[in-house]
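Numbering (my numbering), first residue to last: -16 to 211.
Using N, Cα and C, we set each Cβ at its ideal position, and we do this for glycine too.
Below is the structure:
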């Protein structure tokens, strides 16, 4: 029985295995196995290799059905890599290893990043449907959707702050999830407010607006008002 003082269970086991290989010569037919939390970690990781790709594919399918455009679905999906980058950077800054709870945080983070992207692109499409040019829709939509995107990011990130700084029982499980969500939301919000409008203007510069002749996109719902 070993009680570890670290959340990096896999790292500890790898070090123990290396020491055992160097210092112990086992007779033929004998092996050393690690069970307990390490075994559960391996089982959970095997399940995640199925759950994570399935979740990402499902999210992409929902986005594609909502907008009816592969180009815009990929545009919205571009928020996930930057969100993941922010989560990884947050883990690195806090010196935390990748864990199962961190992986769950990445799944939740992907949903928030896609949601903010859908809010922004829906607004751009609605303004173009009303007759605005691409650049006019991007300028007005980015300003009009500033507060909703910031509110979503603040609520999701500030709600995880107590968990991110927790020190009590179970904190070693809670902190990685909260750290991933907070770091990823900060980076994905930057993409949604700055990079996404630029990418939209570049991708849609030669296309007609939703619902207009020459457009392969369907109108996207959701209110979007010009800033007064």
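Classification of residue 108 by the beta-carbon crowding that lies within 10 angstroms, buried from 16 upward: Residue burial annotation: residue 108 is buried, with at least 16 other C-beta atoms found within 10 angstroms of its C-beta.
Residue 162 and residue 74 closer than 7 angstroms at C-beta: Taking 7 angstroms as the Cβ cut-off, residue 162 and residue 74 qualify as a contacting pair.
Nearest to residue 123 (by Cα), restricted to the options 139, 104, 140 and 141: Comparing Cα positions, the closest option is 104.
Neighbour-count burial assignment, residue 84, 16 or more Cβ in a 10 Å radius: So residue 84 ends up on the buried side.
Proximal residues to residue 96 (C-beta, below 6 angstroms), its chain only, five neighbours per side dropped: Excluding five sequence positions before and after residue 96, the CB atoms of its chain that fall closer than 6 angstroms to its own CB belong to 62, 63, 66 and 171, given in chain order.
Element boundaries [alpha helix (DSSP H), containing residue 149]: Note, residue 149: premise wrong, no alpha helix (DSSP H); not H, not E.
DSSP-derived helix/strand/coil call for residue 131: Three-state DSSP puts residue 131 in a helix.
Spatial distance of residue 119 from residue 28 (CA atoms): Taking the straight line from one Cα to the other gives about 46 angstroms.
Extent of the continuous alpha helix (DSSP H) to which residue -16 belongs: In the DSSP assignment, residue -16 falls outside any alpha helix (DSSP H), carrying neither H nor E.
Pick from -2, 56, 33 and 31 that is closest to residue 42, judged by C-alpha positions: Among -2, 56, 33 and 31, the Cα nearest to that of residue 42 is on 56.
Separation of residue 76 from residue 164, as counted between CA atoms: Straight-line measurement puts the Cα of residue 76 at about 14 angstroms from the Cα of residue 164.
Contained alpha helix (DSSP H) runs [length at least 4] in the segment 97 to 130, N- to C-terminal order: With a minimum length of 4 residues, the continuous alpha helix (DSSP H) runs that stay inside the segment 97 to 130 are 117 to 127.
Within 7 angstroms, strictly: CB atoms of residue -13 and residue -5: Taking 7 angstroms as the Cβ cut-off, residue -13 and residue -5 qualify as a contacting pair.
Where the alpha helix (DSSP H) through residue 72 begins and ends: Here the alpha helix (DSSP H) through residue 72 covers 62 to 76.
Coil, strand or helix - residue 52 by DSSP: Three-state DSSP puts residue 52 in coil, outside helix and strand.
Distance between beta carbons of residue 33 and residue 92, contact taken as under 8 angstroms: Between residue 33 and residue 92 the Cβ distance is about 19 angstroms, and since that is not below 8 angstroms, they are no contact.
C-alpha distance - residue 184 paired with residue 17, whole-angstrom precision: Roughly 54 angstroms separates the two Cα atoms.
Cα-Cα separation between residue 54 and residue 144, rounded to whole angstroms: For residue 54 and residue 144, the distance between alpha carbons rounds to 35 angstroms.
Simplified DSSP state of residue 188, which is helix, strand or coil: The answer is coil: DSSP assigns residue 188 none of H, G, I, E or B.
8 angstroms contact criterion, which residue 102 and residue 132 should meet: CB distance rounded: Their Cβ separation, rounded to whole angstroms, is 6 angstroms, which keeps residue 102 and residue 132 in contact under 8 angstroms.
Distance between residue 88 and residue 5 (C-alpha atoms, nearest Å): Near 37 angstroms, if we compare the C-alpha coordinates of residue 88 and residue 5.
Run of the alpha helix (DSSP H) containing residue 80, from where it starts to where it stops: If you look at residue 80, you'll find it isn't in any alpha helix (DSSP H); DSSP assigns it neither H nor E.
Contacts around residue 159, its chain only, beta-carbon distance under 6 angstroms, and the 5 residues preceding and following it disregarded: 79, 82, 84 and 85.
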